[in-house]
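Student: Residue numbers (the numbering used here), protein chains in the order written: chain V, 3 to 345; chain A, 3 to 345.
Questions regarding the structure given below will be posed in turn.
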DNA sequence: CTGTTAGCGCTTTCAG
DNA sequence: CTGAAAGCGCTAACAG
């Protein structure tokens with residue numbers, strides 16, 4: 003359509019042979035010249051480089067992969083791109099790989115086992131060097147099995163099979179961290195609005211909260227109130243906490259969204275945050291955590307780091323150092339206005 | 003590490019030759035059998051299929067690609083995976099491709115031109131059949147040029163070069179749609195809290211709003227108030243609208259986040275929504291739009307459809323039917339409680 | 001119906 | 001220092 007100059011706008015890209023011909027050498031020499039091998043004279047090398055440049059030569063990685071035996075490619079299998087978990091994880095992985103020579107194939111299986119199989123076949127056909135499987139829940143997921151020809155790392159949702167390699171968020175530590183912060187700023191009467199109790203995340207956070215309270219010699223105010231992960235539940239839960247009548251000076255919410263709902267209700271009731279009640283939550287989901295008034299102190303699970311770690315584990319396995327078992331990534335406290343006036 | 007049975011846990015995957023040997027035929031016959039060619043006897047075919055199965059044979063797409071000349075692969079270049087725009091677009095594209103035999107390479111250039119070049123080189127090296135470039139702003143972006151050997155489609159952020167192919171959101175239509183809905187439910191005194199005025203999105207929406215108001219014989223209440231895309235600005239903007247003193251019965255907010263802020267302030271002031279003032283916004287960002295009280299009526303830009311369209315355009319270009327120019331995808335009204343009591 | 005041959009683009013011995 | 005030849009895994013002619 004719009005051909006001009008030396009660079010071909012369409013049509014097949016230049017091949018090494020064409021470069022070699024233009025430079026007046028053999029393909030072998032051209033290859034050496036382009037790959038920085040020492041067995042080429044300076045002038046020849048320059049001639050080859052010029053030719054390559056003139057033809058906008060880009061080596062065909064497919065051909066290289068066939069020889070070398072590995073494609074420099076990794077498959078990323080996710081279940082919900084919508085989710086705020088998958089994306090940072092994906093970024094971390096892409097980052098860790100992208101620095102090197104590895105490219106990432108993205109596949110979304112939409113929670114569908116059939117589609118998942120289909121994608122895995124396609125990825126193996128493309129001879130990916132490894133597979134990263136990202137779940138959207140913390141609940142363990144079915145293993146892909148051990149007969150795959152490439153290393154597999156499960157992220158966020160661990161594999162239910164201990165022999166697999168998994169990277170997860172440390173929800174217990176997160177629960178502890180939240181309570182420790184509240185205790186650190188002098189709160190003693192701490193309530194908990196939990197998420198959906200069918201999620202391991204909710205149960206683990208509860209365990210962490212309980213442990214940290216015990217460490218501090220405190221007792222939780224009221225039971226952990228379970229619901230869903232929504233703002234609406236945050237309102238309902240906060241309402242229940244206030245209605246219970248027991249004095250409270252802090253609330254741990256299982257997600258930023260729940261905290262938003264709680265904040266909402268507390269303001270309606272004229273409760274000051276953090277003056278009367280401090281609020282802390284989990285996820286540190288940017289727009290939610292920073293859009294509220296006051297902004298939310300939140301526990302960040304370092305998803306991006308989880309993605310990076312997954313990439314590293316793939317590399318390690320490729321290098322012959324597999325690391326079976328589950329690794330937990332430490333969470334991080336991000337302090338904002340819902341727990342401290344200064345911040 | 004954990005080898006057993008017939009399927010190799012590691013080591014090179016089985017090749018066609020191995021399958022052929024196991025089945026006692028030539029590679030050519032094996033190839034025909036596996037690819038459903040008619041020139042093979044039923045018994046032979048079955049023998050080959052069995053052998054392939056026993057070796058968990060997966061054809062090497064790289065080799066196939068080298069022959070066929072195309073890799074069945076597309077590059078997706080994005081600038082912000084965080085963004086709520088890129089993800090649905092990406093899903094739409096992955097969907098449209100995934101149905102067929104195409105896999106998607108994901109690359110995030112982090113707004114960095116160097117990194118972008120690097121990624122493009124890598125993708126071209128892998129012989130992608132096409133490139134989809136997703137921007138995070140509606141503002142036009144620099145073209146990648148016309149000397150690339152594969153078709154390129156720009157999404158969300160169009161190319162500044164008219165000769166390129168772009169798919170964008172129709173912000174003018176969105177502005178109209180918002181006003182038409184408000185007028186349809188009987189509102190006459192409409193104000194506008196705009197986003198960041200350096201964004202084409204904000205300017206286009208304003209144009210659409212103005213046009214629809216004119217069509218209805220109405221005049222906007224007060225100026226379009228420009229700010230940022232945040233909840234904080236939504237509060238400030240709503241405050242300004244109320245302070246201006248002119249009666250208002252509806253506010254168009256340039257994003258769901260702005261609308262959340264506005265809702266927040268209106269409630270503080272005892273203004274009922276939608277009773278006293280209806281609120282409508284753009285983006286229809288799930289958790290934000292449905293988490294508020296009342297839920298937000300919002301204009302959805304059909305990002306997923308944009309992604310699909312981009313994929314289709316790549317296919318079309320590959321089939322020799324390029325479509326230069328910019329295509330706008332029609333937005334869609336999603337009605338919720340912030341404009342109607344019934345919904 | 002089946003097998004032989006050639007070759008996709010590249011790298012790597014191994015001679016010259 | 002350079003080139004000829006072999007081969008990665010697969011498919012598409014062509015013979016047989």
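Here a beta-carbon is modelled for each residue, glycine too, at the ideal position from N, C-alpha and C.
As the structure is a computational prediction, the values presented were derived from the model and not from experiment.
Taking the beta carbon of residue 262 of chain V as the centre, do at least 16 other beta carbons fall within 10 Å, making it buried, or is it exposed?
Tutor: In the first chain, the residue the question calls residue 262 of chain V occupies position 260. Buried, because 16 or more other Cβ atoms sit within 10 Å of the Cβ of residue 262 of chain V.
Student: Kindly identify the DSSP beta-bridge partner or partners of residue 81 of chain A.
Tutor: Locating residue 81 of chain A in the second chain gives position 79, counting from the first residue. In DSSP, residue 81 of chain A forms no bridge with anything.
Student: By DSSP's criteria, residue 290 of chain V is part of a beta bridge. Which residues make up the other side?
Tutor: Numbered from its first residue, the first chain carries residue 290 of chain V at position 288. Beta-bridge pairing links residue 290 of chain V to no other residue.
Student: Just the chain V side, please: which residues come within less than 9 Å of residue 62 of chain A by C-beta, in chain order?
Tutor: Taking the second chain and counting its residues from 1, one reaches residue 62 of chain A at position 60. Correct list: 68, 127, 128, 129.
Student: Is it the case that the region 70-81 of chain V contacts the region 135-143 of chain V, given that we only count it when at least three CB pairs across the two stretches are under 8 Å?
Tutor: The region 135-143 of chain V vs the region 70-81 of chain V: in contact.
Student: Anything in the region 255-266 of chain A with a Cβ closer than 9 Å to a Cβ of chain V? List those residues in chain order, please.
Tutor: Flagged, chain order: 259, 262, 263, 266.
Student: Any idea what DSSP makes of residue 117 of chain V, helix, strand or coil?
Tutor: Your numbering for residue 117 of chain V matches position 115 in the first chain. It is helical.
Student: Exposed or buried, residue 332 of chain A, counting other C-beta atoms within 10 Å across all chains shown (16 or more means buried)?
Tutor: Counting from 1 along the second chain, the entry for residue 332 of chain A is found at position 330. That one is exposed.
Student: Is the CB-CB distance between residue 207 of chain V and residue 256 of chain V below 8 Å?
Tutor: Taking the first residue of the first chain as 1, we reach residue 207 of chain V at position 205. Taking the first residue of the first chain as 1, we reach residue 256 of chain V at position 254. Closer than 8 Å, so yes.
Student: Give the list of continuous alpha helix (DSSP H) stretches no shorter than 4 residues that lie fully inside the region 113-158 of chain V.
Tutor: 115-127, all fully within the region 113-158 of chain V.
Student: Pairs of beta-carbons, one from the region 187-205 of chain V and one from the region 223-236 of chain V, closer than 8 Å: are there three or more?
Tutor: The region 187-205 of chain V is in contact with the region 223-236 of chain V.
Student: At the level of alpha carbons, what is the spacing between residue 19 of chain V and residue 202 of chain A?
Tutor: Residue mapping note: residue 19 of chain V aligns to position 17 of the first chain, counting from 1. Residue mapping note: residue 202 of chain A aligns to position 200 of the second chain, counting from 1. Near 47 Å, if we compare the C-alpha coordinates of residue 202 of chain A and residue 19 of chain V.
Student: Against chain A, with Cβ distances strictly below 8 Å, would residue 124 of chain V count as a contact?
Tutor: Working through the first chain from its first residue, we reach residue 124 of chain V at position 122. Interface residue, yes.
Student: In three-state terms, what does DSSP make of residue 337 of chain A?
Tutor: Translated into positions along the second chain, residue 337 of chain A becomes position 335. In this structure, residue 337 of chain A counts as coil in the three-state DSSP scheme.
Student: Give the interface partners of residue 106 of chain V over in chain A, defined as CB-CB distance under 9 Å, in chain order.
Tutor: What you label residue 106 of chain V is simply residue 104 of the first chain in a count that begins at 1. Correct list: 107, 108, 109.
Student: Check each residue of the region 154-187 of chain A: if its Cβ is closer than 9 Å to any Cβ of chain V, include it; give the result in chain order.
Tutor: Hits within the stretch, in order: 165.
Student: Strictly below 9 Å CB to CB, what residues from chain A border residue 72 of chain V?
Tutor: Within the first chain, numbered from 1, the residue matching residue 72 of chain V stands at position 70. Result: empty, since nearest Cβ-Cβ is about 10 Å, beyond 9 Å.
Student: For a test of the three-state rule: what should DSSP assign to residue 238 of chain A, helix, strand or coil?
Tutor: Reading the second chain from its first residue, position 236 is the one you call residue 238 of chain A. Looking at residue 238 of chain A - three-state DSSP - the assignment turns out to be helix.
Student: What residues from chain V crowd round residue 93 of chain A, counting only those whose CB sits closer than 8 Å?
Tutor: Counting from 1 along the second chain, the entry for residue 93 of chain A is found at position 91. Ordered by position in chain V, the residues that pass the 8 Å Cβ test against residue 93 of chain A are 83, 84, 110.
Student: What number of angstroms, rounded off, separates the C-alpha of residue 144 of chain A from the C-alpha of residue 113 of chain A?
Tutor: Taking the first residue of the second chain as 1, we reach residue 144 of chain A at position 142. Taking the first residue of the second chain as 1, we reach residue 113 of chain A at position 111. Computed Cα separation, rounded: 12 Å.
Student: Are the CB atoms of residue 74 of chain V and residue 104 of chain V nearer to each other than 8 Å?
Tutor: Sequence index remark: in the first chain, residue 74 of chain V carries index 72 (1-based). Sequence index remark: in the first chain, residue 104 of chain V carries index 102 (1-based). Contact: yes.
Student: Throw me the rounded Cβ distance for the residue 260 of chain V and residue 287 of chain V pair, which I believe falls under 8 Å.
Tutor: Residue 260 of chain V sits at position 258 when you count from the first residue of the first chain. Residue 287 of chain V sits at position 285 when you count from the first residue of the first chain. Not confirmed; about 11 Å, so no contact.
Student: So, for residue 327 of chain A: in the same chain, excluding its five sequence neighbours on each side, which residues have a beta-carbon less than 6 Å away from its beta-carbon?
Tutor: Position 325 of the second chain, counting from 1, holds the residue named residue 327 of chain A. Correct list: empty, nothing qualifies.
Student: If I measure Cβ to Cβ from residue 54 of chain A and keep anything under 7 Å in the same chain, skipping five residues before and after, which residues do I get?
Tutor: Sequence index remark: in the second chain, residue 54 of chain A carries index 52 (1-based). Only 21, 36 meet the Cβ criterion.
Student: Establish whether the CB of residue 89 of chain A and some CB of chain V are separated by less than 8 Å.
Tutor: In the second chain, counting from the first residue as 1, residue 89 of chain A sits at position 87. Judged by the 8 Å Cβ criterion, residue 89 of chain A is in contact with chain V.
Student: Starting from residue 46 of chain A, follow the alpha helix (DSSP H) in both directions and report where the run begins and ends.
Tutor: Sequence index remark: in the second chain, residue 46 of chain A carries index 44 (1-based). Here the alpha helix (DSSP H) through residue 46 of chain A covers 44-56.
Student: Exposed or buried, which one is residue 1 of chain A when buried takes at least 16 other CB atoms within 10 Å?
Tutor: Residue numbering for chain A in the displayed model covers 3 to 345; residue 1 of chain A lies beyond these limits and cannot be assessed.
Student: With burial defined as no fewer than 16 other Cβ atoms inside 10 Å of the residue's Cβ, what is the status of residue 306 of chain A: buried or exposed?
Tutor: In the second chain, the residue the question calls residue 306 of chain A occupies position 304. Under this definition residue 306 of chain A is a buried residue.
Student: List the residues of chain V whose Cβ lies closer than 8 Å to the Cβ of residue 35 of chain A, in chain order.
Tutor: If you number the second chain from 1, residue 35 of chain A lands on position 33. By Cβ distance, chain V contributes nothing, its closest Cβ being about 17 Å from residue 35 of chain A, past 8 Å.
Student: Check whether chain A comes within 8 Å of residue 232 of chain V, counting only Cβ atoms and requiring the distance to be less than that.
Tutor: Here residue 232 of chain V corresponds to residue number 230 of the first chain, with the count starting at 1. True, the Cβ-Cβ gap to chain A drops below 8 Å.
Student: What distance in whole Å lies between the Cβ atoms of residue 299 of chain V and residue 346 of chain V, which are believed to be in contact at a cut-off of 8 Å?
Tutor: For chain V, the structure presents residues 3 to 345; residue 346 of chain V sits outside this window and is missing.
Student: Can you name the start and end residues of the alpha helix (DSSP H) that residue 99 of chain V belongs to?
Tutor: Locating residue 99 of chain V in the first chain gives position 97, counting from the first residue. That run of the alpha helix (DSSP H) goes 88-100.
Student: Listed from N- to C-terminal order along the chain, which residues in the region 292-316 of chain A have their beta-carbon within a distance smaller than 9 Å of any beta-carbon of chain V?
Tutor: Correct list: 292, 293, 294, 295.
Student: I need the boundaries of the beta strand (DSSP E) containing residue 327 of chain A, first residue and last residue.
Tutor: For the purposes of this step, residue 327 of chain A is taken as residue 325 along the second chain, with counting starting at 1. Where residue 327 of chain A is concerned, the enclosing beta strand (DSSP E) stretches over 327-331.
Student: Apart from the five residues on each side of it in sequence, which residues of its chain come closer than 7 Å, Cβ to Cβ, to residue 60 of chain V?
Tutor: As a first step, residue 60 of chain V must be located in the first chain, where it is residue number 58. Around residue 60 of chain V: 15.
Student: Could you work out which residues of chain V lie near residue 96 of chain A, taking near to mean beta carbons separated by less than 9 Å?
Tutor: Position 94 of the second chain, counted from the first residue, corresponds to residue 96 of chain A. By Cβ distance, chain V contributes 83, 108, 109, 110.
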